[in-house]
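Chains as they are written, first to last, in my numbering: chain A, -5 to 1057; chain B, 874 to 1233.
Here a beta-carbon is modelled for each residue, glycine too, at the ideal position from N, C-alpha and C.
Just so we're clear, the structure is a prediction, and the values are computed from it rather than from any experiment.
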Amino acid sequence: MKTKFKKVLIIGSSALKIGEAGEFDYSGSQCIKALKEEGIYTVLINPNIATIQTSDYIADRVYLLPINTHFIEEVIKKEKPDGIMLGFGGQTALNSGLALEKLGILKKYNVEVLGTQIEAIENSEDRQKFCQKLSEIDVKYPQSKAVNSVEDALDYAKKIGFPVIIRIAYALGGLGSGICRNASELKKLASRALSYSSQILVEEYLEGWREIEYEVVRDKYDNCITVCNMENIDPMGIHTGESMVVAPSQTLSNTEFHKLREIAIRTIRHLGIVGECNIQYALDMNSEDYRVIEVNARLSRSSALASKATGYPLAFVAAKLALGYGLHELPNSITKNTSAFFEPALDYIVIKVPRWDLKKFRFVKKQLGSSMKSVGEVMAIGRKFEEAFQKSMRMLDISVDGITASRTKFDFEDLEYALSNPTEERIFAVVQALKSGYSVDWIFNLTHINKWFLYKIQNIVDMEKKIKEQDFKKMDKAFLLKAKQFGFSDRQIANILEIDAHDVYLKRAKFGLRPKIEHIDTLAAEFPAKTNYLYLTYNCEASDSELKLKNSIVILGSGPYRIGSSVEFDWCCVVTGKSLREMGYKTIMINCNPETVSTDYDESDALFFEELTVETIYEIYRATNPKGVIVAMGGQTPNNLSAKLRNVGIKILGTSTDSIDMAEDRSKFSSMLDKLEIEQPEWRELSAVQDAVEFAKKVGYPVLVRPSYVLSGAAMAIATDDNELIKFLHKAVDVSNEHPVVISKYLVNAKELEFDAVAQNGKIVCSAISEHVENAGVHSGDATLVLPPQRTYLETMRQIRDISAKIAKSLNINGPFNIQYIAKENRVKVIECNLRASRSFPFVSKTLKKNFIEIAAKVITGVKVPIDDNMNFNYDYVGVKAPEFSFTRLEGADPTTGVEMASTGEVACLGDDFSEAFLKALISVGYKFPIKSILISSGSIESKAELLETCRSFLKLGVKLYATSGTAKFMKSNDIPVEILNWPLKGGSPNAADYIKQGKIDLVINIPKNFQEEELTNDYIIRRTAVDYKIPLITNRQLAMRLGEALSEKSLNDLQIKSWNEY
Amino acid sequence: MNRTFNITRIGKLLLEDGSEFPGFVFGLPESTSGEVVFNTGMVGYPETLTDPSYKGQILVFTFPLIGNYGIPADSIIEKLPENFESHKIQIQALIVSENSEEFNHWNSAQSLSSWLEKYNVPGLCGIDTRRLTKLIREHGTMLGKIIVDSEPAKFYDPDIDHLISKVTVQKPEILGKGKKRVLLIDCGCKKSIIENLISRKVEVFRVPYNYDISGEEYDGVVLSNGPGNPIVYKEIVKTAKQLIAKEAPILGICMGHQILALAAGAKTYKLKYGHRSQNQPVKEAGSNKCYITSQNHSFAVDTKRLPKGWSVWFENLNDGSNEGIKHNKLPFRSVQFHPEAAPGPVDTEFIFDEFIKDLK
């Protein structure tokens, strides 16, 4: 087909955040591939540098620029595209599209919207219009009313009766919505919701109804299909992003299934959607009564899940439909000889489980509800519910071995409370209740989880009992097979029988019990699959086929996205796969995260949508006989498996397992550094509290406390005195018994630097040094990075290179690695060293235009690479990487940065100098300029003094300054005019919290006095109010200083519109 | 309640090529034989099992969990079963991966196994239905027998049997009310076809397949779905020829489509492994209109030798086989798929509307 479009602009979804994550890298990448196949010139705007879609080989032009109307207009002006895609960058892209239309920008530059048109988007997004549209075709929706004030909300709630739910139009992942059971709850929620939006919805709350979703596709000929339906295990009331979900639905009868399907198609036709959309229903548990909850007129998290669950490439097809193809004119990309106009038939069951990281946030509300808090998800495939469900639990990487029989124990004192108040751990309370003999009915009444799911969990619990009754020596093949069919891992069986997991393996091997390899073929075996999209099951007698992949290499993916391990590792895995294929290898990807590009079946020669556990990896290894396994690209999860995999006979490619262990084991690493005469902050590995206190006194407070195997600072803390130390130490020891606790001297006012590099046989072949804007104390994942460094001594850089070379040589590194350094007065110390790709690899690779991962892939496979390691001096531009925090969604969480990582995503922008790149990056993560008023609480006296210059520069820019009492006093005594606002707890007027709520403040600078405040202080209230009311917040002194400088140098119009390849 | 662990009775499926599939017995613990066919639908087992077109067939579900929402009640409303496609289970036997013994649904009255027991239908669970499906896909549909306790059973070929006589209505009956009258020739008609007619305000005169229609008055005729090989049913083809001669508006569905095609002078042939699913894509010939349809058939109409005056109406997007024909001038039309769905998508109910418009 010839399309009339020559150049198309694609809007990305910017940084990963709660409610908008890796799924949009997947959908955007697919969209660009689909357009390029048609010979269309593709232009992408997305500042998320860690994504695959911003790689040089995907779009023709990439703009690492903020996604707002100003920058999009500038790019349109420059590139003159004839079309724009709004459906592939989540709610961010959709909202941008609506804003562009409103401002007349699309019309002005003659840019046509492809696929679903603006009017249809508005009809699905504007609640009133949406309900009107549904009424026109006799489709039911929850009784609701749009109101503009708290009073009206209350009146309507009283009319329809409590409980009611409050919603906001145009919101990501249910932001700001919630359930109100009485008038006072409603008043509180409604007033906050009204701060985000002038219009809120009050609607009937369908407690306990089943929650069902359909993914619907429509082409320009009005042909419609539903690709997949999904059923939430957690019923209405828990956001679908927070819910465990099965596909296809399991408890719907034919009439229910097809009634909802028909309504989906009727609705989508009436709304006029072209491409893909998602429709959510509430379905009564006791009749066929239903309500349409919402329609998302774009690719969504659910559509990514549906694509992975069925093998139907929704985003790719949606892009083709937007260009004007009919569904029947496109091929089924799995079978290759049937068409894309079909509805997949599954012969397996899929379960998605969200991954939370709530423990990382102080004061956060743990209860799950109608807004999203999870940061990632896993998807498990099996031929029995029990099998898939147990797999999904292992995939979460939360140190459980399944839904039951784990080494990690859950113990709920108040079961009734744990069941009726959903949290991330509720499912384990269900198991405990069943084990304690409570009935399915009793659990159902507390959870509203459909009894069918509870019966299945009961089956797992019953199977565990049966295993416990077994004499292992006498256990026969049929019994062991049955246990495996119910999803029990060797480790779980060993835990139950209190034996060694290896003995279970040996018995299984003796019986010849191996999982079988099956295809995801979209048609339940009716037609053969031409792709290797695979899963393992014990519920089949035979594998689909022998995998004959000569010269293959296994790449281990990153597992679920979580704080500290996210899309950047997917980029590393995907680039590795691409490089290996270019070198002539066949690639085998193992991963279980449906939000990724690495789990696209066309990214590898064989994709196993499977667990990242030793048992599973070994079975795949055994069945495919690869040359080896790469553990260095998927972040800490595969890195941690390295020794265990080696111990079962798996060949690890790249840096040796012994070296990895040497770097991960603090003691070994430290003695190595001592030998090499490399400095590190003083530390001690300790197990007794008294020893710790003595050590801390010796080196002087503050000290850092942490367990030895660390992922993104879990359980890390800073102690400033004996009391704090004792308290944290108890916490850390509780977190990990297997690993000892490390106490180290914590350096204040020091600089942190990241060293990312690749070495071959111990010799560095390429490297990059990035500097943190923030002083030490902010987790490297939350820090603002600058490349090349702007404020670092040459001598410091020289020392870093020397030390790194020594370490690389000593560990004989053969692959990617990262070292974190701390520097003060030209003395450089090593904080930690990871012998794997790090979070910042995409940033340094794309900023320096040197693909570190491609180089690493060559090194790992033994290809000799040239040394290309200059000192970053030859760059006439600067890259700045900034974190994105999702504090707004995490109700109650204290929005500060510290040694625990808290950000959920990142962006990076390029500029001719630091200030330009810095401002672009800040705008990309939500800062709005110009700033006319700032509320400052500048923390300690030292901090107050340092910020004086910054305050003066703001004054020069005409900014109105407000401050809390201490800060105001200090500023006034230094001749800075400032208006005093009362502390929130003091009350009275003028009050800091009120000013934020009333929108009188454009930026809040609040520098905490201590490292970790344990009480709900005034400062906490100010920070939290800022976040709740979406006011930009700075809690770091250096960041505030750099902002003051940058704004003095540059204004919005100075920020250049240059694509990545123009630098 | 929990019987998952207590299934001990072993049975097996034996195919004519000698392949064996061991499993566990549920439903009636007796041997039986029939033609082994697979269906890829993920919902609708109560409707599927009561569809008379499955007469003589051992049905395999590719979806691994069957029985989740139980079985609804056997209630009858105005002569028709409320929840099923006919008054009893029609399949010869059922084969599933997992019989979901614990069920939950507001409309359920019994479990799948107790329902099978009630209608004396054998079932096997714990079968690797994916391996079985692939075998049928590669080899083509095969005869098979279910063996319980080594009782012998002979292979049974339903294609040479006169199955329609076993599933047709026994004597004529009148259903629904309306000004127009539709003659329904019952070859094993699904209830939902009748419901679709009744809901369009016509009177349905349902007659046995071999009923002498010459003296009857009607505004149009529906040739229903039914089991078996169309060439076996010469007498129905003859009736259809009479109807064509009379230029009566005709709608053929599934078997009715094949009968109409034979009456028009076309030929039929057996597909390698048939179409049995709820996701069959069809396209209206000469247009860009496509529909997802529910299907259940082994035989297809050969359109290479379509007689003059007739055209292809719909074609299958997966394998290009014929999905419907119509006459260029006269009100004869027929579809291979099931516009009444049940189970399956309801996208093609408009076929009934078009037929109703044709009525004299």
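Give me the Cα-Cα distance between residue i and residue j, rounded to the nearest whole angstrom.
i, j, result
"Ala495 of chain A", "Val240 of chain A", "30 Å"
"Ile262 of chain A", "Ile1028 of chain A", "43 Å"
"Gly167 of chain A", "Ser365 of chain A", "Confidence at Gly167 of chain A is low in this model, with a pLDDT of 48, below 50, so the placement of that residue should be treated as unreliable; the coordinate-derived value is given next. The alpha-carbon atoms of Gly167 of chain A and Ser365 of chain A are separated by roughly 6 Å."
"Gln1032 of chain A", "Phe124 of chain A", "47 Å"
"Leu1235 of chain B", "Phe379 of chain A", "This structure cannot settle anything about residue 1235 of chain B, because the visible part of chain B is limited to 874 through 1233."
"Ile287 of chain A", "Leu265 of chain A", "15 Å"
"Gln992 of chain A", "Ser918 of chain A", "24 Å"
"Lys843 of chain B", "Leu1008 of chain B", "No answer is possible for residue 843 of chain B: it lies beyond the span of chain B, which begins at 874 and ends at 1233."
"Ala962 of chain A", "Tyr956 of chain A", "8 Å"
"Ile451 of chain A", "Pro954 of chain B", "35 Å"
"Leu108 of chain A", "Ile39 of chain A", "16 Å"
"Ala946 of chain B", "Asn956 of chain B", "7 Å"
"Glu270 of chain A", "Val210 of chain A", "6 Å"
Quick one: which chain A residues come within Cβ less than 8 Å of residue i?
i, result
"Leu938 of chain B", "Gln244, Ile343, Lys378 and Phe379"
"Arg1004 of chain B", "Cys534, Glu535 and Ala536"
"Lys1162 of chain B", "Tyr215, Asp216 and Asn217"
"Val969 of chain B", "Neighbours of Val969 of chain B on chain A: none; closest Cβ ~11 Å, over 8 Å."
"Glu920 of chain B", "Asn248"
How would you label residue i, buried or exposed, when you count the other beta carbons within 10 angstroms and need 16 or more for buried?
i, result
"Gln674 of chain A", "buried"
"Gly899 of chain A", "buried"
"Val704 of chain A", "Because Val704 of chain A carries a pLDDT of 45, less than 50, the predicted location of this residue cannot be relied on, and no value is offered for it."
"Ile437 of chain A", "buried"
"Tyr51 of chain A", "exposed"
Report, in whole angstroms, the separation of the C-beta atoms of residue i and residue j, which I expect to be a contact under 8 Å.
i, j, result
"Val1136 of chain B", "Lys1114 of chain B", "According to the sequence as given, residue 1136 of chain B is Ala; it is not Val. Their Cβ separation, rounded to whole angstroms, is 5 Å, which keeps Ala1136 of chain B and Lys1114 of chain B in contact under 8 Å."
"Ile112 of chain A", "Glu95 of chain A", "5 Å"
"Gly83 of chain A", "Phe18 of chain A", "6 Å"
"Gly775 of chain A", "Arg833 of chain A", "6 Å"
"Leu975 of chain A", "Tyr989 of chain A", "6 Å"
Mind listing the chain B neighbours of residue i? Cutoff is C-beta to C-beta under 7 Å, in chain order.
i, result
"Phe251 of chain A", "Val916"
"Ile219 of chain A", "Ile1165"
"Ala519 of chain A", "Thr935, Arg1003, Thr1006, Lys1007 and Arg1010"
"Lys445 of chain A", "Asn977"
Please list, in chain order, the chain A residues whose beta carbon lies closer than 7 Å to that of residue i.
i, result
"Ile1058 of chain B", "Result: empty, since nearest Cβ-Cβ is about 26 Å, beyond 7 Å."
"Trp979 of chain B", "Met279, Asn280 and Ser281"
"Pro1216 of chain B", "Asn248"
"Val1219 of chain B", "His252 and Glu256"
Find the residues of chain B that neighbour residue i, judging by a C-beta separation of less than 8 Å, and give them in chain order.
i, result
"Ala339 of chain A", "Thr913, Gly914, Met915, Thr935, Phe936, Ser1150, Gln1151 and Asn1152"
Give the interface partners of residue i over in chain A, defined as CB-CB distance under 9 Å, in chain order.
i, result
"Lys885 of chain B", "What Lys885 of chain B touches in chain A: nothing, since even the nearest Cβ is about 13 Å away."
(Q) Check whether the stretch 813 to 822 of chain A and the stretch 629 to 644 of chain A touch, using three or more Cβ-Cβ pairs below 8 Å as the test. (A) no
Q: Note down, in chain order, all residues in the stretch 317 to 336 of chain A with a beta-carbon under 7 Å from any beta-carbon belonging to chain D.
A: Within the model displayed, chain D is absent; protein chains A and B are what it includes.
Q | Segment contact, 8 Å Cβ cut-off, at least three pairs: the stretch 1007 to 1019 of chain B with the stretch 975 to 992 of chain B | A | no
Q: Would you check if the stretch 964 to 984 of chain A and the stretch 937 to 955 of chain A touch, i.e. whether three or more CB-CB distances between them fall below 8 Å?
A: yes
Q: Would you check if the stretch 468 to 486 of chain A and the stretch 606 to 618 of chain A touch, i.e. whether three or more CB-CB distances between them fall below 8 Å?
A: yes
Q: Could you tell me whether the stretch 888 to 905 of chain B touches the stretch 211 to 222 of chain A, where touching means 3 or more Cβ pairs closer than 8 Å?
A: no
Q) If we count Cβ pairs, one from each stretch, closer than 8 Å, do we get three or more for the stretch 681 to 696 of chain A versus the stretch 746 to 763 of chain A? A) no
(Q) Measuring CB atoms only, is the stretch 1014 to 1022 of chain A touching the stretch 39 to 48 of chain A, in the sense that at least three cross pairs come out at less than 8 Å? (A) no
Q.
Assess contact between the stretch 1092 to 1103 of chain B and the stretch 1025 to 1044 of chain B, defined as three or more Cβ pairs (one per stretch) separated by less than 8 Å. Is contact present?
A. yes
Q: Give a yes or no on contact between the stretch 558 to 569 of chain A and the stretch 827 to 841 of chain A, applying the rule of three or more CB pairs nearer than 8 Å.
A: yes
Q.
Between the stretch 882 to 900 of chain A and the stretch 847 to 866 of chain A, can you find at least three pairs of beta-carbon atoms closer than 8 Å?
A. no
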